[in-house]
Every structure is written in structure tokens, then in C-alpha cells.
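See structure below.
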Amino acid sequence: MADLRNNFVGIKSPNPFWLASAPPTDKAYNVIRAFKAGWGGVVWKTLGEEGPPVVNVNGPRYGAIWGADRRLLGLNNIELITDRDLQTNLREMKQVKMDWPDRALIASIMVPCEEASWKAILPLVEETGADGIELNFGCPHGMSERGMGAAVGQVPEYIEMVVRWCKQYTRMPVITKLTPNITDIRKPARAAHAGGTDAVSLINTINSITGVDLDSFAPMPTIDGKGSHGGYCGPAVKPIAMNMVAEIARDPETHGLPISGIGGITTWRDAAEFLALGAGNVQVCTAAMTYGFKIVQEMIAGLENWMDEKGHRSLDDIIGRATPNVTDWQYLNLNYVAKAHIDQDACIKCGRCHIACEDTSHQAITSMVDGVRHFEVIEAECVGCNLCVNVCPVENCITMEPLAAGVMDQRTGKPVSPIYANWTTHPNNPMAKVAAE
31 MADLRNNFVG
41 IKSPNPFWLA
51 SAPPTDKAYN
61 VIRAFKAGWG
71 GVVWKTLGEE
81 GPPVVNVNGP
91 RYGAIWGADR
101 RLLGLNNIEL
111 ITDRDLQTNL
121 REMKQVKMDW
131 PDRALIASIM
141 VPCEEASWKA
151 ILPLVEETGA
161 DGIELNFGCP
171 HGMSERGMGA
181 AVGQVPEYIE
191 MVVRWCKQYT
201 RMPVITKLTP
211 NITDIRKPAR
221 AAHAGGTDAV
231 SLINTINSIT
241 GVDLDSFAPM
251 PTIDGKGSHG
261 GYCGPAVKPI
271 AMNMVAEIAR
281 DPETHGLPIS
291 GIGGITTWRD
301 AAEFLALGAG
311 NVQVCTAAMT
321 YGFKIVQEMI
331 AGLENWMDEK
341 GHRSLDDIIG
351 RATPNVTDWQ
361 YLNLNYVAKA
371 HIDQDACIKC
381 GRCHIACEDT
391 SHQAITSMVD
401 GVRHFEVIEA
411 ECVGCNLCVN
421 VCPVENCITM
431 EPLAAGVMDQ
441 RTGKPVSPIY
451 ANWTTHPNNP
461 MAKVAAE
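Going from the sequence shown to my numbering is simple: count from 1 and add 30.
Okay, structure coming up:
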């Protein structure tokens with residue numbers, strides 16, 4: 031059976047599935063139940079400095095986006111960091127770590143961007159026996175207006191500075207949590223790396239408003255007639271998160287920097303995709319909030335079964351395997367040609383492929399043949415975009431079939447070239463590199 035044991039920057043856990051810092055990890059009661067359900071680790075909900083507790087709203091905290099079947103696709107959250115007393119959290123963390131020594135326990139921390147504040151809280155956290163700390167530079171609401179969270183994560187110089195403080199004042203591994211609310215995720219990652227971080231985790235939540243009440247004309251969730259932007263998470267953010275993980279994994283300046291992948295992970299397949307793109311483990315939040323802690327059992331079983339089926343013995347066999355295949359558009363092979371093919375036995379004749387193709391300017395799928403409703407690809411018009419594959423409600427009914435080298439492309443009237451060619455050398459590119467004679 032596949033070995034799911036995980037060693038992330040020296041932090042060991044029985045599997046790569048951690049609960050992310052969020053409401054489910056706010057107290058010992060929840061963390062213990064999570065460990066009993068099988069989670070390999072938790073990142074305790076973000077701790078603040080000692081003093082008056084953080085004040086959360088006392089009304090709706092979540093907005094949502096649903097699919098047609100009411101399945102939750104995205105969640106907007108306006109809750110802040112823990113509003114429980116720091117010492118209470120620290121006592122509970124210490125006891126939980128003593129009782130569950132084989133599980134990873136990470137302390138998420140957010141304090142003012144002042145050296146004294148970080149110097150004060152780090153020894154307190156270290157005394158709990160926590161396996162590491164996660165610097166919360168991602169929270170996009172409430173705390174960022176106070177100069178913390180994303181307000182730090184959006185300034186690479188601040189990231190590097192705080193990471194250096196933490197590496198100076200603690201023995202614990204430092205994981206830097208990055209905000210996606212930035213133009214180029216590589217810049218904060220590079221700053222964290224320069225500061226000496228042991229790893230980065232991403233993504234934190236995305237600035238969002240998920241809806242507007244069209245009776246009261248207030249954003250949702252609504253607090254006494256008003257609404258605020260919050261942090262967006264859930265399955266809908268997964269593509270954004272995977273791209274950012276891959277950008278860091280393949281950046282020459284951060285290549286090899288351990289990454290904890292976060293963002294919309296709901297199934298074992300989601301986790302496997304993050305691992306393949308370079309994540310060393312994964313963190314989950316919305317799925318646990320939606321389906322309960324026991325969802326991790328399906329994730330564990332699914333990942334084990336897939337790894338066994340494919341012959342992957344350990345996580346090291348899959349971590350980063352897809353990273354070399356992520357490239358820039360300019361390097362894609364322009365001589366690769368594929369055409370859509372419709373399996374007539376599987377086709378239910380709904381016509382969605384025809385409408386999508388017809389109204390997307392390609393007109394490459396018939397609707398009628400000899401007076402009979404019939405959907406078939408017109409190869410002379412097909413550009414191989416695969417939109418029809420994505421709108422077809424029948425899995426594998428429409429497939430993309432590559433044309434072999436030498437075969438005539440009916441659309442261009444030219445044979446498919448066996449030679450790799452990309453935009454950097456294309457004659458239409460004004461910046462094309464001309465080969466030396």
C-alpha cells in the first residue's frame with residue numbers, strides 16, 4: 031500500500047492532509063475531533079497578541095456561490111482571527127500536542143508589523159511544543175485595515191523583514207502564508223525566501239463580494255443593512271491557487287522552496303493535483319466546513335488507491351511531477367494539431383456542442399445531416415479548441431484526437447509538421463529570433 035507519511039520541512043504527520051487555519055481549528059475540542067477523524071495536522075486558527083480580544087461581528091459571517099444543484103462552490107468569509115484569549119489558546123495547544131505527538135500542530139500568528147510584537151509572542155508559542163509557525167500575511171479584511179494580514183503580504187519588503195525577525199527569535203520552522211491579492215505571486219514568495227522562510231503556504235482568501243440582496247441593495251452577508259468585502263475560498267478558487275503554486279514551484283529564484291498548497295481542495299484528486307504541481311502537502315478548510323471532518327477519510331483512501339493503481343510508493347513519487355510540464359504560452363508547440371471527435375453511440379443529441387461551436391464563431395459542428403438531427407465535427411472548420419468537450423454533458427462522448435505528423439489538416443490544407451515550433455520563432459512574431467545562417 032502507498033505510504034502517505036509526510037515530512038514537510040521536518041514536520042512529520044501520518045498523511046499530507048492538514049486543516050488550514052480557520053474556524054474549524056479555533057479550539058482544542060475541534061482539533062481533537064479532527065485528529066480522531068484522521069487529519070494529519072492542523073494549523074491553529076490565527077493567534078493575535080495579548081491584550082483586549084479581537085472583536086468579530088455578531089451576525090452573518092458567510093456569503094456563498096452555489097452550483098445549479100445547490101452545491102457550494104465558493105464561500106465568502108468576513109470573520110477575523112481568533113477572538114479567544116491568547117493564553118487560553120496556548121494552554122489548549124500545549125495539551126493537544128502532548129496528547130497527539132504524532133500529528134502536526136502549527137500555530138498561525140498575526141501581530142502588528144513591529145519587531146517587539148513578534149519577539150514577544152514567539153517564545154509563548156514555542157513553549158507549547160508546536161511543530162512550527164505560519165505567518166498570516168493573507169487575511170484580506172478587517173485585519174488588513176489595521177496594517178496586518180494582506181497589508182503586510184502585499185509589500186515584499188515587509189514580508190522579508192518579518193520573516194527575518196521570526197527566524198531570529200524562534201527555533202520553530204517558519205511557514206509564510208501568502209495573499210493572492212497581488213499581481214505577481216512570485217515577488218512575495220521571493221521576499222519570504224530571501225528572509226529565510228522554511229516554506230510558503232498559499233493561497234489565502236481572495237477579496238470578494240459574493241452577492242447583493244436586490245431588495246435591500248446591500249452586499250451579502252449583510253450586517254444591519256451594510257456589507258463588506260470578505261475572503262473568498264472553496265472549489266471556485268482552486269484554479270487560481272494551482273496556478274500560483276506552480277508559478278512559485280517553477281520560478282528559478284524559489285525553485286525547491288517547500289510549498290503547502292491551499293485553495294479549494296475537496297477531493298483526493300484535488301490534493302494529488304496540488305502535489306503534482308509542487309506542493310509538499312495540502313491544507314483544507316471549506317471542504318471540512320461543508321462536509322465535516324470525516325471527509326479526510328475519503329481523501330486518504332482515494333489518494334492511497336490512486337497511488338497503488340499507478341505504482342506510486344510514496345508522496346515523493348508524485349510531488350512536483352507536473353511542474354516541468356508547466357510552461358509559458360510562447361513555448362507551446364504551434365505545430366500540434368488536434369480535432370474533436372463525437373462518439374455517435376454515446377451522443378444524446380442535446381445539441382449543446384453545436385450551439386457552443388456555432389455561437390463561438392467556429393461553426394465546426396453540424397446540427398442536421400440529410401434532414402435528420404445529427405451532430406458531427408466538420409474537420410475543415412475545427413480549430414481544436416475543445417469547447418465542445420467542456421460543454422458536453424456526457425463524459426467522454428467528445429474527445430480530442432491529435433493528427434499524426436504528415437496527415438493533412440483539412441482546415442489549413444497543409445500536412446502536420448513533425449517539427450516543434452513555437453511563437454518565439456514564428457514569422458508573425460516581430461520579436462522572433464532569426465536563426466543564424
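Think of the CB as a built atom: it goes at the ideal place given N, C-alpha and C, for glycine as much as any other residue. Remember, predicted model here, so these are calculated numbers, not experimental data.
For residue j and residue i, the rounded distance between their alpha carbons
| i | j | result |
| --- | --- | --- |
| Glu467 | Ala352 | With a pLDDT of 42 at Glu467, under the threshold of 50, the predicted position of this residue should be treated as unreliable, and no value is reported. |
| Ala279 | Met272 | 10 Å |
| Ile330 | Trp298 | 7 Å |
| Trp148 | Ala181 | 16 Å |
| Gly13 | Ile62 | With the chain covering 31 to 467 only, the question about residue 13 has no answer from this structure. |
| Cys418 | Asn365 | 22 Å |
| Ile270 | Gly401 | 45 Å |
| Gly275 | Phe304 | According to the sequence as given, residue 275 is Val; it is not Gly. If you take the alpha carbons of Val275 and Phe304, they lie about 8 Å apart. |
| Thr454 | Leu362 | 10 Å |
| Ser344 | Asp281 | 25 Å |
| Val437 | Pro445 | 5 Å |
| Thr244 | Tyr92 | Checking the sequence, you will find Leu at residue 244 rather than Thr. So the alpha carbons of these two residues sit roughly 17 Å apart. |
| Ala394 | Pro423 | 19 Å |
| Ala462 | His456 | 6 Å |
| Asn107 | Ile151 | 26 Å |
| Ala465 | Leu232 | Bear in mind that the predicted position of Ala465 carries a pLDDT of just 48, short of 50, making it too unreliable to give a figure here. |
| Ile481 | Ala386 | Only positions 31 to 467 of the chain appear in the structure, and residue 481 is not among them; the question remains open. |
| Gly162 | Thr320 | 27 Å |
| Val126 | Met178 | 28 Å |
| Arg403 | Ala451 | 40 Å |
| Gly255 | Val84 | 23 Å |
| Trp96 | Lys75 | 26 Å |
| Ser238 | Ile292 | 17 Å |
| Trp468 | Thr296 | Any property of residue 468 remains undetermined from this structure, which presents the chain solely from 31 to 467. |
| Cys263 | Pro186 | 23 Å |
| Asp33 | Asp300 | 18 Å |
| Met140 | Asn166 | 6 Å |
| Ser241 | Ala435 | It is Gly, not Ser, that sits at residue 241 in the sequence shown. Taking the straight line joining both Cα atoms gives about 50 Å. |
| Asp99 | Thr357 | 35 Å |
First and last residue of the uninterrupted alpha helix (DSSP H) at residue i
| i | result |
| --- | --- |
| Glu409 | No alpha helix (DSSP H) holds Glu409; DSSP gives it neither H nor E. |
| His223 | 216 to 225 |
| Ala180 | 180 to 183 |
| His392 | Where His392 is concerned, there is no enclosing alpha helix (DSSP H), given that its DSSP letter is neither H nor E. |
Limits of the beta strand (DSSP E) - the one that residue i falls within
| i | result |
| --- | --- |
| Ile139 | 134 to 139 |
| Trp195 | Taken as a continuous stretch (DSSP letters only), Trp195 belongs to no beta strand (DSSP E), being part of the alpha helix (DSSP H) at 186 to 199. |
| Ala58 | No beta strand (DSSP E) holds Ala58; the alpha helix (DSSP H) holding it covers 58 to 67. |
| Leu417 | That residue, Leu417, is in no beta strand (DSSP E); its alpha helix (DSSP H) goes 417 to 421. |
| Trp359 | Element bounds for Trp359: n/a, residue is neither H nor E. |
| Val73 | 71 to 77 |
| Asn166 | 162 to 166 |
| Ile212 | Ile212 -> no beta strand (DSSP E), and no H or E assigned at all. |
| Glu425 | It is not in any beta strand (DSSP E) - Glu425 carries neither H nor E in the DSSP assignment. |
| Trp48 | 47 to 49 |
| Ile372 | 368 to 372 |
| Asn37 | 36 to 38 |
| Gly291 | 289 to 292 |
| Ser231 | 229 to 232 |
| Ser238 | 236 to 238 |
| Thr206 | 204 to 207 |
| Ile41 | 41 to 43 |
8 Å contact criterion, which residue i and residue j should meet: CB distance rounded
| i | j | result |
| --- | --- | --- |
| Ala137 | Ile41 | No, Ala137 and Ile41 are not in contact; Cβ-Cβ is about 12 Å, not under 8 Å. |
| Ala219 | Glu190 | Contact doesn't hold; Cβ gap of about 11 Å is too wide. |
| Phe38 | Pro251 | So it is not a contact: roughly 34 Å between Cβ atoms. |
| Glu145 | Ile205 | 20 Å between Cβ atoms; not a contact. |
| Thr200 | Gly168 | 20 Å between Cβ atoms; not a contact. |
| Val421 | Ala370 | Rounded, the Cβ-Cβ distance is 11 Å, inconsistent with contact. |
| Ile111 | Gly78 | 5 Å |
| Glu47 | Val314 | The sequence given here has Phe at residue 47, not Glu. 6 Å between Cβ atoms; contact. |
| Gly257 | Ala266 | Not quite, the Cβ-Cβ distance comes to about 19 Å (not below 8 Å), so this is no contact. |
| His384 | Glu411 | With 8 Å as the limit, His384 and Glu411 do not qualify as a contact, their Cβ atoms being about 12 Å apart. |
CB contact check: residue i to chain C, cutoff 7 Å
| i | result |
| --- | --- |
| Pro423 | Absent here is chain C; the protein component of the structure consists of one chain. |
- Query: Which runs of the alpha helix (DSSP H) fall wholly inside the segment 250 to 283 and span at least 4 residues, in chain order?
  - Reply: 268 to 280
- Task: Quick one: which unbroken alpha helix (DSSP H) runs of 4-plus residues sit fully inside the segment 82 to 157? Chain order, please.
- Result: 116 to 129, 145 to 156
- In the segment 300 to 355, which residue ranges form an unbroken alpha helix (DSSP H) of at least 4 residues, counting only runs that do not cross its ends? 316 to 321, 325 to 340
- Between the segment 224 to 243 and the segment 54 to 61, do three or more beta carbon pairs fall short of 8 Å? no
- Item | Given 8 Å, three or more beta-carbon pairs between the segment 418 to 427 and the segment 366 to 379 | yes
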